[in-house]
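Structure, as structure tokens:
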Amino acid sequence: MEERWRDPDWLAEAIDWVDRRLTEVGRPRTGEPDQVHVRPWATAIKVPTEQGPTWFKADTEELVHEVLATHLVAQRVPARVPPLIADDPDHGWMLMDDAGTRLREVIADERDLSRWYDVLDGAADIARAMEPDVERLVEAGVPDRRLAVLPDRYADLVETADVDQRFRDAVPQVREMAEELASYGVTETLQHDDLHDGQVFVRGDRQLILDWGDAVVSHPFFTLSVTLEGVVAWGLDDVESSVDIAPLVASYLRRYAPERPELADAIPLALRLGWVCRATNTTTVEDLESTRNRLTMFLDGRL
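Residue numbers (this note's numbering): 0 to 302.
Shown next as structure tokens:
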């Protein structure tokens, strides 16, 4: 697929589309495009204008639903996603304003993890705002990982993947845990499923959440698995479990449902099942080792 992104004819078609969209909004291109990222599943091209850089992104057919997800999030929670200048859902194309500096670089410079509180506020706001769009998102191809189907997706994964028997033996456990988590009555919604410090950008005092290609429809608390256990808990110096994530969990719950303090009891279940969700989410090109690590996080709570 990377060959397609570099194909001169494809690039000419894409840049022509960008030029037409920028001209329509009175913001013509002022220099040569820079194809900054090329991956099997997507490419991103930086396009200069007098008002600052813009970004064109193209997804594979498997991920074209990212356009609708991004479009809807930008509409419902505009403070959390750069405004879309244009989009083409059929092609999987998006054109948006520059989002600023990656959180990863900002944290490395500031030596401070406190921006994650605002990121989780944003995740909570998006989860609540996107509840009405669930069926539309699923129909558009966003993977369905709701609790009613997650155990079956887990069973399919461990049956076909080269993993230890203990993960196959855990199928009944996943079903029981999913049923218990469902009993809390939390509305399932759009969930980013890969919310790490490379997907968040800082512009001024705002933390913006990008890259919705891995998003799924699932339990909103599942985002805490990757974000907190997979990233924040490792701290500034990449040491596992070196940061206490409990204050961040509490902050997220206060934002998500301040009237329901009992939801704190659901967090241990959600943290474990969030890794099941991530392991079964096959919307991107992944290696088997990543799947095994996620399954290990599910059963053991650590690598």
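Each residue gets a CB set at the ideal place from its N, CA and C atoms; glycine is no exception.
- DSSP, read as helix, strand or coil, puts residue 172 in helix.
- Secondary structure of residue 156 (DSSP, three-state): helix.
- Annotated three-state conformation of residue 98 is coil, per DSSP.
- Its Cα nearest to that of residue 237, the residue 110 stands out among 110, 89, 21.
- Look at residue 36 here: in three-state DSSP terms it is strand.
- When DSSP states are grouped into helix, strand and coil, residue 86 belongs to the strand group.
- The beta carbon of residue 64 lies closer than 6 Å to those of 139, 140, 141 in the same chain, with the five residues before and after it left out.
- Exposure of residue 301 is indicated by the presence of fewer than 16 other C-beta atoms within 10 angstroms of its C-beta.
- Checking the DSSP bridge columns, you'll see residue 58 partnered with 41.
- If the five residues before and after residue 118 are omitted, its C-beta is found closer than 8 Å to the C-beta atoms of 102, 194, 199, 206, 208, 226, all from its own chain and listed in chain order.
- Taking the Cα positions, residue 187 is about 11 Å away from residue 132.
- Here the C-alpha atom of residue 239 lies approximately 14 Å from the C-alpha atom of residue 224.
- The residues 157, 294, in chain order, have a CB closer than 6 Å to that of residue 166 in the same chain once the five nearest residues on each side in sequence are set aside.
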